[in-house]
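S.K.: The following block contains the structure, expressed as structure tokens.
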Amino acid sequence: MQYAGIFSRLFAFIGDVICITILINILTPLVAYIMPKMSHLQYEGLFIIIGTLIFMFWYTFPFTSKKQATFGYWGQHLYLVDRYGERVKLWRAFVRMVTFLTSIITAIGLFTILWENIANKGLVTLLMSSFCFIIFILPCIISPQRAMIHDILAGTRVLKGRL
Numbered sequence: 022m023q024y025a026g027i028f029s030r031l032f033a034f035i036g037d038v039i040c041i042t043i044l045i046n047i048l049t050p051l052v053a054y055i056m057p058k059m060s061h062l063q064y065e066g067l068f069i070i071i072g073t074l075i076f077m078f079w080y081t082f083p084f085t086s087k088k089q090a091t092f093g094y095w096g097q098h099l100y101l102v103d104r105y106g107e108r109v110k111l112w113r114a115f116v117r118m119v120t121f122l123t124s125i126i127t128a129i130g131l132f133t134i135l136w137e138n139i140a141n142k143g144l145v146t147l148l149m150s151s152f153c154f155i156i157f158i159l160p161c162i163i164s165p166q167r168a169m170i171h172d173i174l175a176g177t178r179v180l181k182g183r184l
């Protein structure tokens, strides 16, 4: 078993974000077209709801499929298993998605708070705000199984190779 490293996971994430962004930008105007009497605020709310639902679907159901991977993971030759090396069950994939989303929101939130609230925006600020992302990826760097926080909490591992 070869565990996936941080860079292959990062490239898989970037590929998934591109796919999710394309889906959101196709579906939101389509739904808005079906529901024409919408204000700008309602349209933004719809954009957030559709985006969240796509994200939830994208990071839950593909991991329970035969390929056990999203398009981004598949493109990087990665797949998700539980801690015993078996296919991930739906509830475990859902827990992983929720903890993954929470981790991303927390890291971005801390980064933003630190970046905006420190008067001297020099190298020190950059290092302190970057620390938030280091905490997010540190378990993947030091863990022999290359598990990130959401993998540890959900009991999953990302492996390199094809099924």
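Just so we're aligned, residue 22 is where the sequence shown starts under my numbering, counting upward by one. Using N, Cα and C, we set each Cβ at its ideal position, and we do this for glycine too.
For the alpha helix (DSSP H) containing residue 73, name the first residue and the last one.
M.R.: Start and end: 61-79.
S.K.: Report yes if the C-beta distance between residue 37 and residue 91 is below 8 Å; otherwise report no.
M.R.: Closer than 8 Å, so yes.
S.K.: Can you tell which of 152, 180, 120 has its C-alpha closest to the C-alpha of residue 165?
M.R.: It is 180.
S.K.: Could you tell me the boundaries of the beta strand (DSSP E) in which residue 178 lies?
M.R.: That run of the beta strand (DSSP E) goes 177-181.
S.K.: Less than 8 Å between the beta carbons of residue 101 and residue 177, yes or no?
M.R.: Against a cut-off of 8 Å, the Cβ pair of residue 177 and residue 101 comes out as a contact.
S.K.: Less than 8 Å between the beta carbons of residue 93 and residue 33, yes or no?
M.R.: Cβ distance < 8 Å, so residue 93 and residue 33 count as in contact.
S.K.: Have a look at 85, 174, 162 and flag the residue whose alpha-carbon is nearest the alpha-carbon of residue 28.
M.R.: It is 162 whose Cα lies nearest to the Cα of residue 28.
S.K.: Closer than 6 Å by C-beta to residue 68: which residues in its own chain qualify, once you throw out the five before and the five after it? Chain order, please.
M.R.: Result list for residue 68: 49, in chain order.
S.K.: Return the CA-CA distance between residue 43 and residue 112, expressed in angstroms with no decimal places.
M.R.: Residue 43 and residue 112: Cα-Cα distance of roughly 27 Å.
S.K.: Can you look up residue 102 in the DSSP assignment and give me helix, strand or coil?
M.R.: Note: residue 102 maps to strand in three-state DSSP.
S.K.: Quick check: what's the CA-CA separation for residue 114 versus residue 80?
M.R.: So the alpha carbons of these two residues sit roughly 7 Å apart.
S.K.: Using the Cβ count rule (16 or more neighbours within 10 Å means buried), how would you classify residue 56?
M.R.: Under this definition residue 56 is an exposed residue.
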